Amino acid sequence: MLLAVLVTAGIVIPPPAVAAADPSGWVAPLSTRGRYIVDAAGDRFKLKAANWHGASGTWTGSGDVNDPAAHHAGEIAYQTPLGLDRASIDTVIDGLAELGLNSVRLPFSNAMIHDTKPVPDLPANPELRGLTPLQVYDRVVARLTARGFAVILNNHTTTSRWCCGLDGNERWNTAQTEQRWQDDWLFMARRYAANKRVVGADLYNEVRRNVFDDPNWGWGNGTDWQRASQRVADRIQTEANPDLLLIVEGINWTGLPVDGLPHGRPTLEPARTLSHTLVDSGKLVYAAHFYGYTGPNHSGATGTGETHDPRYRDLSPQQLRDVLHRQAFFVSAETGKHYTAPLWISEFGEGRHTTDAASRAWFENFVGYLAETDTDFAYWPAVGFHEGGTGNGWSLLSWDTGGRRADVLDGTDWRGPAWRRLVDAQSRSGRIPDSERWSMLNLDYADFQASRGVRAMADWNPGARKGACPDGQRLSGLSHTGNRGLCTGTLAAPTGYATVRDESYVDTDWASGYTKVQCPPGHAAVGYSVTGAAFSALLCGRSGTPLGNTGRTVWFDRGDNRPSGNPGGDFAAGHYKGQCAPGEYVAGVAYTGRIGSNRTPDAVLCRA
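Last residue of the sequence shown? That's 626 in my numbering, and every number before it is there in order.
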């Protein structure tokens with residue numbers, strides 16, 4: 019309601035639209051094909067980015083919020099992108115371009131969105147006088163995109179204070195309701211919908227434990243990050259802006275950092291067995307953060323909260339590679355799986371003034387691995403302060419009070435050669451062909467209908483939990499228990515739907531002694547429903563192209579029965595699974611009501 023009032027009052031001014039193409043040579047919007055991000059022409063667009071922070075807050079949480087000394091490293095930002103009191107917007111953008119970047123992760127806080135107080139004068143940008151923090155954010159977005167940069171909106175914090183400890187910003191719903199978080203995302207997605215160079219929504223930063231409880235991935239409760247990110251991504255696509263990349267970060271920390279108690283950094287490992295399925299396929303990106311002073315089981319603390327677990331900088335080069343692959347890089351390295359997606363390392367960094375040999379070696383090794391794996395990246399941070407060359411020193415670009423710049427490539431920064439190797443590394447470029455898409459359906463707690471066509475129709479099986487493949491995909495596999503399904507395909511959306519609950523369309527006894535639910539001729543299974551654990555009905559989509567009418571029975575009541583090579587990946591970990599071979603589709607499901615059976619799927623009919 020507050021935002022609507024502000025718009026009506028003329029306080030909040032949406033930014034102007036920006037043309038879809040300009041001399042930078044890429045065409046918005048962006049989408050994904052397999053492990054790559056591509057532009058609207060289908061050409062690879064590698065995110066070479068940095069974080070221009072500040073609008074998310076720099077206050078440490080104690081002391082006078084107007085006193086620079088109460089802000090991280092004395093770098094006060096006034097809830098605007100840092101440095102605008104020292105350098106003009108275009109001066110900063112010039113520096114980003116000179117460093118070889120093509121995109122910017124632009125953090126914001128929910129508090130910043132709603133703050134109607136004008137920011138203090140920013141001497142290097144007098145035209146910003148009297149604007150609210152959000153209006154300044156608008157101006158930065160407009161200038162970045164007009165200059166050819168891709169912008170990724172990043173919900174970094176809820177309150178405007180420095181991240182990321184026990185600061186009230188641990189989860190999307192720690193300091194606000196989940197509904198408010200979703201509504202703010204819809205507001206931001208709609209606000210920049212006309213500007214196609216605003217390409218992504220990084221949904222929340224470094225989800226982690228607060229004092230009392232942990233985030234989780236798939237439990238279905240109020241701290242379930244997989245569920246929450248799936249829901250808000252769904253709403254952004256269907257209610258606000260279907261052009262955006264939806265970027266999901268892994269879980270940054272669970273457990274108490276105490277020796278002898280379970281604790282660690284799950285990152286993206288849970289996605290291997292429970293991934294996200296979007297209504298519009300080709301928009302999911304996974305993200306992870308890595309710093310040398312943290313570790314796979316080390317919080318990064320020194321003193322209180324420090325454990326004896328190794329930090330990333332303590333690992334040998336091979337150990338580091340193994341851990342990085344396990345925690346995050348597998349999502350892009352292992353293609354043809356339900357979890358396959360572009361990986362964006364949306365934060366990493368090291369300090370200009372670092373003298374510790376292990377930290378320097380970690381940075382060199384990590385940058386080398388980014389280059390070797392051709393992985394999209396965003397350095398933290400882009401902009402900082404310096405005075406006579408001294409200061410925080412982590413930024414790529416820094417300005418003093420007189421507007422004099424120091425940067426990573428000025429010849430005095432040990433990080434310079436590594437940075438140059440990274441931005442100049444050989445990368446896949448040009449046209450990326452379409453690839454088979456795999457999606458998983460998860461009916462653990464509620465309906466999971468990833469089809470716009472199905473959502474537009476009446477409830478096709480009232481009282482049951484229902485799952486439907488994204489438009490253009492068909493059902494490829496089911497689990498014997500666990501209510502999971504696997505979808506695949508790059509076909510046209512069905513031209514109609516039929517719900518089947520009985521044997522009306524069975525044309526041959528392909529599972530003798532079992533109840534068989536089979537699609538009508540010319541239809542392929544695109545969804546299914548369950549009541550409790552029991553199979554309930556099959557949703558069949560009418561194909562616009564001819565389908566085969568001969569097939570085979572795939573049984574999976576006593577073990578897995580899947581094609582060799584694990585196509586699509588394990589979509590129901592710990593459960594028996596049946597899956598059709600590539601080029602086949604599910605035409606029917608068989609189950610039994612015999613004593614000892616829960617009417618769960620026992621076999622599928624696969625047809626070519």
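The beta-carbon is built from N, C-alpha and C at its ideal position, and this holds for glycine as well.
For clarity, every value in this text was computed on a predicted model and none was experimentally measured.
- Inter-segment contact for the region 258 to 265 and the region 209 to 220 is present: three or more beta-carbon pairs are separated by less than 8 Å.
- Under the three-state reduction of DSSP output, W237 falls in the coil class, being neither helix nor strand.
- Secondary structure remark: continuous beta strand (DSSP E) runs of at least 3 residues inside the region 471 to 535, in chain order: 483 to 486, 492 to 497, 502 to 506 and 515 to 518.
- Exclusion of the five residues before and after D232 leaves T272 as the residues of its chain whose Cβ lies within less than 6 Å of its Cβ.
- Judged by DSSP in its simplified three-state form, S377 adopts helix.
- Membership of P125 in any alpha helix (DSSP H) is not indicated; the residue belongs instead to the beta strand (DSSP E) covering S121 to S127.
- Looking at the DSSP output, S299 sits in no beta bridge, so it has no partner there.
- Per DSSP, the continuous beta strand (DSSP E) segment holding Q597 begins and ends at K595 to Q597.
- By the neighbour-count criterion, in which 16 or more other beta carbons inside 10 Å mark a residue as buried, D394 falls on the buried side.
- From the listed residues G183, A555, D428 and Q194, the smallest Cα separation to T320 is found for G183.
- CA-CA distance, A400 to V426, rounds to 10 Å.
- Runs of the alpha helix (DSSP H) lying entirely within the region 101 to 161 and spanning at least 4 residues, in chain order: 107 to 116 and 128 to 132.
- Each residue's CA atom was taken as its position, placing G420 and A486 some 59 Å apart.
- Residue pairing by DSSP places E405 opposite T408 in a beta bridge.
- For the region 571 to 605, the continuous beta strand (DSSP E) assignments of 3+ residues that do not extend past its boundaries occur at 595 to 597, in sequence order.
- DSSP lists F395 as the bridge partner or partners of K66.
- Under DSSP, N460 shares a beta bridge with R502.
- In this structure, D103 is the residue among S121, D103, G118 and A160 with its C-alpha nearest to the C-alpha of V137.
- No Cβ-Cβ contact shorter than 7 Å links Y309 with V266.
- Distances from the CA of D527 to each of Y546, S554, S547 and T568 were compared; the closest alpha carbon is that of T568.
- Excluding its 5 nearest sequence neighbours in each direction, Y96 has C-beta neighbours in its own chain below 6 Å: V137 and P138, listed in chain order.
- Proximity to G238 across A211, T391 and D465 peaks at D465, based on C-alpha coordinates.
- Out of G43, R570 and A58, the CA that lies nearest to the CA of P451 is found in A58.
- Within its own chain, the residues whose Cβ lies closer than 8 Å to the Cβ of Y155, once the five positions on either side in sequence are excluded, are A73, T98, P99, L124, F126 and M130, listed in chain order.
- With distances taken between CA atoms, S457 lies nearest to Q467 out of G448, Q467 and W478.
- Residue N501 holds the alpha-carbon nearest to the alpha-carbon of R617 among N501, G601, G559 and P600.
- Per DSSP, V266 is one residue of the beta strand (DSSP E) stretching across L263 to E267.
- A residue is called buried once 16 or more other Cβ atoms fall within 10 Å of its Cβ, and S469 is buried on that count.
- Per DSSP, D425 is one residue of the beta strand (DSSP E) stretching across R423 to D425.
- Excluding five sequence positions before and after E145, none of the CB atoms of its chain fall closer than 6 Å to its own CB.
- Here C505 is actually not in contact with S497; their C-beta atoms are around 13 Å apart, not less than 8 Å.
- Pairwise C-beta distances place the region 527 to 536 in contact with the region 601 to 619, as three or more of them are shorter than 8 Å.
- Beyond the five residues adjoining it in sequence on each side, A443 comes within less than 7 Å, by CB distance, of A389 in the same chain, given in chain order.
- When the beta-carbon positions are compared, G118 and V441 come within less than 7 Å of each other.
- In this structure, DSSP gives F167 a state outside helix and strand, which the three-state scheme calls coil.
- Counting C-beta atoms within 10 angstroms of its own C-beta, A482 has 16 or more neighbours from the protein chains shown and is therefore classed as buried.
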